[in-house]
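Colleague: Residue numbers (the numbering used here): 3 to 400. All C-beta atoms in this analysis are idealised placements derived from N, C-alpha and C, irrespective of residue type, glycine included. Handing you this structure, nothing more for now.
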């Protein structure tokens, strides 16, 4: 049996960051990781280059039932603070779009940074270990693992959510949190591609592989105000691309999404002008000036309208324009945890200290990162939440 001041379950972004701060404070700390390698999700993030933060981070980029919970931690450890750490390791990076920061080379550089910081702080990392049972006995947490009994004065849950199970993700953190008295805000996959019914897939399959660089998407629900303007990709199963991943976190089954395929233009005005100036031009050719030919033809087939511009009524042109600027699409589901980048919902933050991340249900228990009901938008926000929540938690124990 080995005793530590602090036991951290999970050696991902949040777990490692927390352990580093604990170790810097002179406390003995161990990270228990069920996978063969630490930080598996970092390795595959950002297309292998890790979108490690976003300089536009603020509370409005996060989804939670307790909207203000994230403010304190985000203010105390900012994107600039993590960028400073990256600079210390001379890791080359660039700002892509919308404040997103990526490594120039590889996500492994961020993992190596964290592991090096762990080594300097005296953090012990035990991999390929399964926690079988946890109890709190006389103020000490006892973890019965597949290797040995591990005990700690404090326990940090940093196991993440169940998204991307092939990376070893699971729901174990929720189970443990509930064991110690916590409630869970309903969880579901977030930042995930949306899928169509077999019937819809059948006639939209021709668009598979086509992308549109700039669309605006929203949910057809007046209560949901969020709109996202990014790229969209048609797949053989449905819709993907940054715009769809973003709106997926707000979409619910049974709701349509609305796609504006030409957000800076009024397609009706464009078509009216073309009707006047070039009446012999075919509608699908006019649409091809704005979209891939297959998509242009698809629009004419879906609306059942084509022919020379001069022979088309304004009513018909309005119908075509509505599909371009206000296309209502009904997904029947999502790709689920298999490809979701995050998990929405989680441990109820009203039961957690926003200053220290200590449980208000069980003294000495701390919960950080994705396990909590705090989910960022696409673009580095979830990593920043991992760094900020973990730093606040670890620093509180120093």
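Which parts of the segment 8 to 77 are runs of the alpha helix (DSSP H), unbroken and 4 residues or longer, counting only runs that do not cross its ends?
Modeller: Complete alpha helix (DSSP H) runs here, min 4: 15 to 26, 42 to 46.
Colleague: Can you give the Cα-Cα distance for residue 130 and residue 251, rounded to whole angstroms?
Modeller: Roughly 32 Å separates the two Cα atoms.
Colleague: Based on Cα-Cα distance, which residue from 156, 160, 24, 58 lies nearest to residue 137?
Modeller: Of the candidates 156, 160, 24, 58, the one whose C-alpha sits nearest the C-alpha of residue 137 is 156.
Colleague: From the DSSP output, in three-state form, read off residue 156 for me.
Modeller: Three-state DSSP puts residue 156 in a strand.
Colleague: Is residue 244 helix, strand or coil by DSSP?
Modeller: Correct three-state label for residue 244: helix.
Colleague: Buried or exposed: where does residue 167 fall if 16 or more other Cβ atoms within 10 Å of its Cβ makes it buried?
Modeller: Under this definition residue 167 is an exposed residue.
Colleague: What do you get for residue 176, buried or exposed, if any count of 16 or more other CB atoms within 10 angstroms of its CB means buried?
Modeller: Residue 176 is buried by the Cβ-count criterion.
Colleague: Assign residue 320 to one of three DSSP states: helix, strand, or coil.
Modeller: Reduced to three states, the DSSP call for residue 320 is helix.
Colleague: So for residue 253, helix, strand or coil by DSSP?
Modeller: If DSSP states are grouped into helix, strand and coil, residue 253 belongs with coil.
Colleague: Starting from the Cα of residue 81, find the closest Cα among 37, 228, 329, 386 and give me that residue.
Modeller: Comparing Cα positions, the closest option is 386.
Colleague: Less than 7 Å between the C-beta atoms of residue 396 and residue 33, yes or no?
Modeller: No, the Cβ-Cβ distance between residue 396 and residue 33 is not below 7 Å.
Colleague: Please classify residue 194 as buried or exposed, where buried requires at least 16 neighbouring CB atoms within 10 angstroms.
Modeller: It is buried - the Cβ of residue 194 has at least 16 other Cβ atoms within 10 Å.
Colleague: Quick check: the Cα distance between residue 227 and residue 290, rounded to an integer number of angstroms?
Modeller: About 31 Å.
Colleague: Helix, strand or coil: which one does DSSP assign to residue 350?
Modeller: Of the three classes helix, strand and coil, the one that applies to residue 350 here is coil, per DSSP.
Colleague: Looking only at its own chain, which residues have a Cβ that is under 7 Å from the Cβ of residue 188, when we skip the five neighbours before and after it?
Modeller: Here the set comprises 347.
Colleague: Go to residue 1, then tell me how far its alpha helix (DSSP H) extends in each direction, as first and last residue.
Modeller: Absent from the model: residue 1. The displayed extent of the chain is 3 to 400, so no value can be given.
Colleague: Name the DSSP beta bridge partners of residue 270, please?
Modeller: Beta-bridge pairing links residue 270 to no other residue.
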